[in-house]
Amino acid sequence: MEIETTWGSIAVEWLDGRVCGCALPFLSAPPGKPFAIVNCGDDPVSSFVASVFSGTGAKCPALAEPHGTAFQRQVWQAIAGIPFGQTKTYGELAKDIGRPKAVRAVGSACGKNLLPLFIPCHRVVGSKGGLGGFSAGLPWKRFLLEAEHARAINCS
DNA sequence: GGCGCCGTCTTCT
DNA sequence: AGAAGACGGCGCC
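Each residue of the first sequence is one higher than the one before, counting from 81 in this note's numbering.
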């Protein structure tokens, strides 16, 4: 299914009611227009996505077993544990999974996350308040953090 | 404060 | 094996 927004169409795939894929249009620069959802269903998945953008944090729907290495799953699981509206640094995440020095590897694992929005990799920021990166483009990450009232970033 | 280099760990070529 | 990546820290200008 697809959710149409003023920033492009968000494609979400699922199997047996479990989300197994999510793709956002890549944005290298923020579109001039404000973000808005144009066409959105009322199923659990759609409403979850809508809630993420509106900053009202609904319950995350069931996710399919993610495909990845053991290390990546650990990272993703740790990310999934970040409370709504809060952020965590790559370093803290690394420490949480027992590899305090594997921060670089953690970042790498984030980039391979197939379920942005559902696994909130946008809540992972750099230790100095930097944004780090985002697979679909930083504008999404900035917007999402702003929507969740994250103050750990430099909202200029 | 900003820039650059090195350390560290996992994954792809 | 070698290279690269969504980092962190420290030293230097």
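Glycine included, each C-beta is placed from N, C-alpha and C at the ideal position. The structure presented is a predicted model; accordingly, all values stated were derived computationally and were not measured.
Helix or strand or just coil, what does DSSP make of residue i?
{"i": "Glu-228", "result": "coil"}
{"i": "Thr-85", "result": "strand"}
{"i": "Ala-103", "result": "strand"}
{"i": "Val-204", "result": "strand"}
{"i": "Leu-195", "result": "coil"}
{"i": "Lys-113", "result": "coil"}
{"i": "Leu-173", "result": "helix"}
{"i": "Arg-98", "result": "strand"}
{"i": "Pro-219", "result": "helix"}
Relative to the C-alpha of residue i, which residue among the options is closest?
{"i": "Ser-207", "options": "Leu-194, Val-183, Val-118 and Val-92", "result": "Val-183"}
{"i": "Ala-144", "options": "Phe-133, Trp-156 and Cys-190", "result": "Trp-156"}
{"i": "Ile-158", "options": "Ala-142, Lys-175 and Glu-82", "result": "The question names Ile, yet the displayed sequence has Ala at residue 158. Cα-wise, what sits closest to Ala-158 is Lys-175."}
{"i": "Lys-192", "options": "Ser-215, Thr-86 and Leu-104", "result": "Ser-215"}
{"i": "Arg-153", "options": "Lys-113, Ile-177 and Pro-124", "result": "Ile-177"}
{"i": "Phe-133", "options": "Gly-213, Pro-200, Leu-211 and Val-204", "result": "Pro-200"}
Considering just the uninterrupted stretch of the alpha helix (DSSP H) at residue i, what are its terminal residues?
{"i": "Ala-185", "result": "183-191"}
Which residue spans inside the stretch 118-158 form an unbroken alpha helix (DSSP H) run of at least 4? For the alpha helix (DSSP H) assignment, the uninterrupted runs of no fewer than 4 residues enclosed by the stretch 118-158 are, from N- to C-terminal side, 124-134.
Is it true that the stretch 119-129 meets the stretch 216-225, where meeting means three or more beta-carbon pairs spaced less than 8 Å apart? With a cut-off of 8 Å, the stretch 216-225 and the stretch 119-129 do not count as touching, because too few Cβ pairs lie within range.
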